[in-house]
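Heads up: the sequence shown at position 148 corresponds to 148 in my numbering, and the numbers run straight through without jumps.
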Amino acid sequence: METLSIYAPKLVTNKEYIASGHRACSGCGEVLAVRYVCKALGRNTIISNATGCMEIISTPLPETAWEVPWIHTLFENASAVASGIESGLKSLKRKHGYTKEVKVVAMGGDGATADIGLQSLSGAMERGHDFIYVCYDNEAYMNTGIQRSSETPFGASTTTAPSGKNSLGQHTQKKNMAAIAAAHNIAYVATSCSSYPFDIMSKVEKAMKVKGPSYIHILSVCPTGWRCASNLTIKLGRLAVETGIFPMYEIENGKYTLNIDLPKLRPVEDYLKLQGRFRHLDKDITAEIQEKVFDEYNKVKRLAAGNKAK
Ligand SMILES: Cc1ncc(C[n+]2csc(CCOP(=O)(O)OP(=O)(O)O)c2C)c(N)n1
Ligand code: SF4
1 METLSIYAPK LVTNKEYIAS GHRACSGCGE VLAVRYVCKA LGRNTIISNA
51 TGCMEIISTP LPETAWEVPW IHTLFENASA VASGIESGLK SLKRKHGYTK
101 EVKVVAMGGD GATADIGLQS LSGAMERGHD FIYVCYDNEA YMNTGIQRSS
151 ETPFGASTTT APSGKNSLGQ HTQKKNMAAI AAAHNIAYVA TSCSSYPFDI
201 MSKVEKAMKV KGPSYIHILS VCPTGWRCAS NLTIKLGRLA VETGIFPMYE
251 IENGKYTLNI DLPKLRPVED YLKLQGRFRH LDKDITAEIQ EKVFDEYNKV
301 KRLAAGNKAK
């Protein structure tokens with residue numbers, strides 16, 4: 001099994017850049033992921049944050065939980081705002097002798113990333129801006145009441161793709177944002193999960209070393225939208241990885257590495273049965289999901305194995 005190990009627990013800073021006392025639901029995996037990302041980014045960071053849960057829970061006027069400069073943007077333009085900040089910093093350096101190294105980071109939920117902000121993200125990656133984009137994927141538009149997004153998995157019940165007599169819930173397959181980011185030929189793309197703090201921090205560290213765009217997609221457990229107990233957040237994130245539903249990998253200059261390569265995957269039921277959003281699924285649909293998970297996992301495995309053979 002390969003794991004990233006740049007970070008040892010004792011080397012993790014005890015500084016927080018998103019303060020406690022924010023208003024996230026109990027057991028929120030998304031804010032946990034934000035916390036780890038910010039720890040790795042450190043003080044010299046400017047964040048452009050698309051609207052969504054992380055904005056709502058962190059900045060009820062006149063308070064803010066952010067300990068770094070932070071801008072609330074629309075869905076559509078988090079990456080465009082990050083591009084502007086990065087260009088502005090470049091210009092300050094060129095014309096006014098500004099010397100500080102500041103990392104520009106755009107972030108948003110899956111709706112902000114895979115749907116409504118995809119055009120500005122694609123544009124910023126294509127133009128080669130020096131920034132990191134982090135997607136916190138809780139698999140629906142959670143802030144406004146659990147509406148389906150293109151990251152909602154097949155079979156999940158949401159308020160706009162509800163399960164019922166004539167519907168199994170979401171009937172489309174999850175969009176592969178890591179592959180879309182990699183198709184922009186950027187130097188660093190990674191997937192991670194809110195249950196793996198050291199993996200998240202190591203990947204942010206790597207992204208910070210890149211001169212140009214990098215993209216990190218973090219599966220972020222949301223007890224409210226996934227209809228699960230709030231003390232299951234860490235367990236569910238691990239199960240997503242251990243069942244192969246959410247493989248954790250990196251794509252460095254086009255080369256895939258599977259970070260946790262399990263000899264045997266756990267059955268998908270172990271993950272599905274703990275969440276109310278999948279409660280209605282029968283044996284046949286579960287078998288269909290299992291089949292698809294094997295296919296997708298093996299695709300990543302083959303891509304990673306291909307690199308090793310080279
Ligand atoms: C163009 C536009 N449509 C709808 C909204 C309303 N809105 C604000 S936050 C949000 C949901 C955000 O979902 P996501 O990006 O997945 O982040 P999450 O809240 O799940 O973290 C919606 C629909 C908006 N602000 N702008
Ligand atoms: S709805 Fe989900 S993502 Fe949003 S704050 Fe609550 S647990 Fe976190």
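For each residue, glycine too, the CB sits at the ideal point set by N, CA and C.
Listed in chain order, the beta strand (DSSP E) elements of length 3 or more contained wholly in the segment 168-209 are 188-193. In this structure, R227 sits near G276, with a CB-CB distance shorter than 7 Å. Cβ neighbours of I85 within its own chain (closer than 6 Å, five residues either side excluded): I46 and V104. In this structure, E55 lies away from S220, with their beta-carbon atoms at least 7 Å apart.
Less than 7 Å separates the beta-carbon of Y215 from that of A181.
Only exposed fits Q173, as fewer than 16 other CB atoms lie within 10 angstroms of its CB. Note on geometry: alpha-carbon atoms of G254 and A187 lie some 7 Å from one another. Measuring C-alpha to C-alpha distances from H217 to each of T224, V204, G225 and P223 identifies V204 as the nearest. With a threshold of 6 Å, the Cβ atom of N253 does not count as near ligand 2, since no heavy atom of the ligand is closer than that.
At least one heavy atom of ligand 1 is found less than 6 Å from the C-beta of G109. K283 and E269 have their C-alpha atoms spaced approximately 9 Å apart.
Rounded to whole angstroms, G111 and K235 show a C-alpha spacing of 24 Å. Taking 8 Å as the upper bound for CB-CB distance, A82 and I200 are not in contact here, some 19 Å apart. With respect to N176, S120 sits apart: the two C-beta atoms are not nearer than 7 Å. In the DSSP assignment, W70 falls within the beta strand (DSSP E) that extends over W70 to T73. Counting only runs that start and end inside the segment 228-254, the beta strand (DSSP E) elements of at least 3 residues fall at 249-252. Taking 6 Å as the cut-off, the C-beta of M248 does not count as close to any heavy atom of ligand 2. Only exposed fits N166, as fewer than 16 other CB atoms lie within 10 angstroms of its CB. Runs of the alpha helix (DSSP H) spanning 4 or more residues and lying entirely within the segment 66-107 occur at 78-96, in chain order. In the three-state reduction of the DSSP assignment, G164 falls in the strand class.
Assignment of A287 by DSSP, reduced to helix, strand and coil, places it in the helix class. For G123, the closest of V102, L258 and P213 by C-alpha to C-alpha distance is P213. As DSSP reads the structure, H217 sits in a beta bridge with C135 and T191.
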